[in-house]
Amino acid sequence: MRDLVRRIEAATPPGRDRAVDGLRAVAILGVVLGHWLVTALVADSGTLRAASPLLYQPGLTPVSWVFQTLAVFFLVGGQMGAKSHDSARARGITYRRWLRARLARLFRPVAAVLTVWAVAAGVLLGAGVSLLTVHTLLKLVLSPLWFLLVYAALTAATPLVARLHPLWPLAVVLHVDLIRFGFDGPAWLGWVNLAAGWLVPYCLGAAWGRGRLRGRTAGWVLLIGGATVTAGLVLFGGYPAAMVGVPGAPISNLNPPTLAAVTFGLAQCGAALLLRGPLRRVLARPAGWAVVALVNLAAMTVFLWHQTAMMAVSVTTLRLAGPQSGLHTVPEGPGWVLARLCWLPVFAGALLICWAAFHAYESGRPRKGGGGAVRGGGPGGGPGGRVVRGGGPGGRVVREGRPGKQARQQAQQARHVEQRSV
-13 MRDLVRRIEA ATPPGRDRAV DGLRAVAILG VVLGHWLVTA LVADSGTLRA
37 ASPLLYQPGL TPVSWVFQTL AVFFLVGGQM GAKSHDSARA RGITYRRWLR
87 ARLARLFRPV AAVLTVWAVA AGVLLGAGVS LLTVHTLLKL VLSPLWFLLV
137 YAALTAATPL VARLHPLWPL AVVLHVDLIR FGFDGPAWLG WVNLAAGWLV
187 PYCLGAAWGR GRLRGRTAGW VLLIGGATVT AGLVLFGGYP AAMVGVPGAP
237 ISNLNPPTLA AVTFGLAQCG AALLLRGPLR RVLARPAGWA VVALVNLAAM
287 TVFLWHQTAM MAVSVTTLRL AGPQSGLHTV PEGPGWVLAR LCWLPVFAGA
337 LLICWAAFHA YESGRPRKGG GGAVRGGGPG GGPGGRVVRG GGPGGRVVRE
387 GRPGKQARQQ AQQARHVEQR SV
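The opening position of the sequence shown corresponds to residue -13 in my numbering, with each subsequent residue numbered one higher.
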């Protein structure tokens, strides 16, 4: 382990902003833990149905404030997208080539998930599993993919939206909600916010990537202003307090995004900007940085397979041992919460198995001639081994070199590490 930590530290360029990777890791782990904590599969008359503890225990609502970290995803994505596009233009790379490289690495692991679950659905139906159970499982697997579709659309529009002021999409969200809720407008109009709502943190990230938002003032303004407006909307505007979808609730803050979800995201972005300095200091330590680097290495695999891991544990345990507390029971009462916390390490173990089976689809094959992977030598590393790869949206790649490479080539490649991006 110490050798791995040294290799990761040696392969990391001195100018890399580790706070960006730290924020991305926090966002990834927030989504995973949030889904594992607020999603229950209840065994009922031979079927599995989805339920949420937030419906039965409203006192758990603050959990959604901690683990709903999508705005941080888009903040970091906008920062990396703007920097990557500017770097590509400076190197003479066309927009089409830049976009193709980013989207290919984004959707290659998605193809693996869809293929596996297409086969699994057929097997389950053939084995006599009820259509309701199969529908519940597929919905839990496929519903997070909306995030990737929106992110891909914003990535494609980066040259147009990177210089857009965040107040413009925020104004769109405000008017859409005013028409929907204030003048009883059509419900379908809310889906305009699916793009406009997440465009707000993406534009903030682009401004960050272009050298703005350097001071702490912007972070405090976003944090205090966003939190104050969100509290007002919840207390006096009729918006739900939960920042995730709750089955049976008349209004969802995420499906589609509401003004409250967007202002809450602004508060999150402010907190993220304020955490940059502390994160840099913490991640200057090799051990802490190694953990963040490894999380980012597996970011897309973790995001795409964490629901599958939870469902695999739930279905397997139900078949072998029958309904278990915190896993198949109605999520009501503190007993369920304590039991669910005990199941989290089991979910993590199943996710580790999924990572071992499918992480190759995320890493892909390095292309010759400087495609997307950058090789850089590091002491103590084996030949050709992968040392660091920033996973997830906007991640970057650092790969360990092979013995026998000329020092001049390594130095030239190292200078381009910060310019290469997924």
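Ideal placement from N, C-alpha and C gives every residue a C-beta, glycine not left out. The model shown is predicted, which means the values in this text are computed figures rather than measured ones.
| Straight-line Cα distance separating L337 from R94 | 19 Å
| Delimiting residues of the beta strand (DSSP E) encompassing T33 | T33 to A37
| request: Can you tell me which of D7, A36 and H21 puts its alpha carbon nearest to the alpha carbon of T315? | output: A36
| query | By the 10 Å Cβ neighbour count, where 16 or more other Cβ atoms means buried, how is W291 classified, buried or exposed? | reply | buried
| Enumerated in chain order, which unbroken segments of the alpha helix (DSSP H) with a length of 4 residues or greater are wholly contained in the stretch 281 to 345? | 285 to 307
| message | Can you find the residues in the same chain that come closer than 6 Å, C-beta to C-beta, to S238, ignoring five residues on each side of it along the sequence? | response | G231
| request: Reducing DSSP to helix, strand and coil, say where D3 ends up. | output: coil
| said: Just to confirm my understanding: we take L118, look at its own chain, exclude 5 residues before and 5 after, and list those with CB closer than 6 Å. What are they? | reply: Here the set comprises T33.
| field | Whole runs of the alpha helix (DSSP H) within the stretch 109 to 160, excluding any shorter than 4 residues | value | Runs of the alpha helix (DSSP H) inside the stretch 109 to 160: 117 to 128, 131 to 142 and 144 to 147.
| request: Just mark L324 as buried or exposed, buried being the case when its beta carbon has 16 or more other beta carbons within 10 Å. | output: exposed
| field | Which of helix, strand or coil DSSP assigns to V(-9) | value | helix
| Using the C-alpha atoms, what's the distance from P236 back to F167? | 12 Å
| Ordered along the chain, which non-local residues of its own chain (more than five positions away) have a Cβ less than 7 Å from that of R82? | none
| message | Strictly by DSSP, which residues pair up with D30? | response | T33
| field | Same chain, Cβ closer than 6 Å to L27, five either side skipped, listed in chain order | value | L34 and S300
| Who are the Cβ neighbours of S50 in its own chain at under 6 Å, not counting the five residues just before and after it? | A228, M229 and V230
| query | Hey, would you say V17 sits closer than 8 Å to T55, going by beta carbons? | reply | yes
| query | Are the C-beta of N239 and some C-beta of chain B separated by less than 8 Å? | reply | Checking the listed chains, one finds no chain B in this structure; it contains a single protein chain.
| What's the call for S38, buried or exposed, on a 16-neighbour Cβ count within 10 Å? | buried
| task | Pair every Cβ in the stretch 245 to 254 with every Cβ in the stretch 208 to 216, then say whether three or more of these pairs are closer than 8 Å. | result | yes
| task | Helix, strand or coil for P95, going by three-state DSSP, please let me know. | result | helix
| request: Measuring alpha carbon to alpha carbon, tell me which of V220, V(-9), G197 and F222 ends up nearest L259. | output: Among V220, V(-9), G197 and F222, the Cα nearest to that of L259 is on G197.
| query | Which value, in whole angstroms, describes the spacing of the CA atoms of R(-12) and L330? | reply | 27 Å
| field | DSSP beta-bridge partners of P243 | value | L240
| message | Assuming contact is defined by CB atoms lying nearer than 8 Å, are V58 and A98 in contact in what I supplied? | response | no
| message | Considering Cα atoms alone, identify which of A279, L153 and N179 is closest to L(-10). | response | A279
| request: Report the rounded CA-to-CA distance for P233 versus L41, giving the unit in angstroms. | output: Taking the straight line joining both Cα atoms gives about 7 Å.
| query | If you follow the alpha helix (DSSP H) that S227 is part of, which residue opens it and which one closes it? | reply | Note that residue 227 is Ala in the sequence shown, not Ser. Per DSSP, A227 belongs to no alpha helix (DSSP H) and is neither H nor E.
| message | Out of T287, R2, L153 and D7, which one is the CA nearest neighbour of G183? | response | Closest in C-alpha terms to G183, from the list T287, R2, L153 and D7, comes L153.
| Where do the ends of the alpha helix (DSSP H) carrying W53 lie? | Checking the sequence, you will find Phe at residue 53 rather than Trp. From DSSP, the alpha helix (DSSP H) with F53 extends over T47 to F53.
| Under 8 Å between the Cβ atoms of L185 and A193? | no
| query | With respect to the alpha helix (DSSP H) encompassing P264, which residues constitute its N-terminal and C-terminal limits? | reply | R262 to L269
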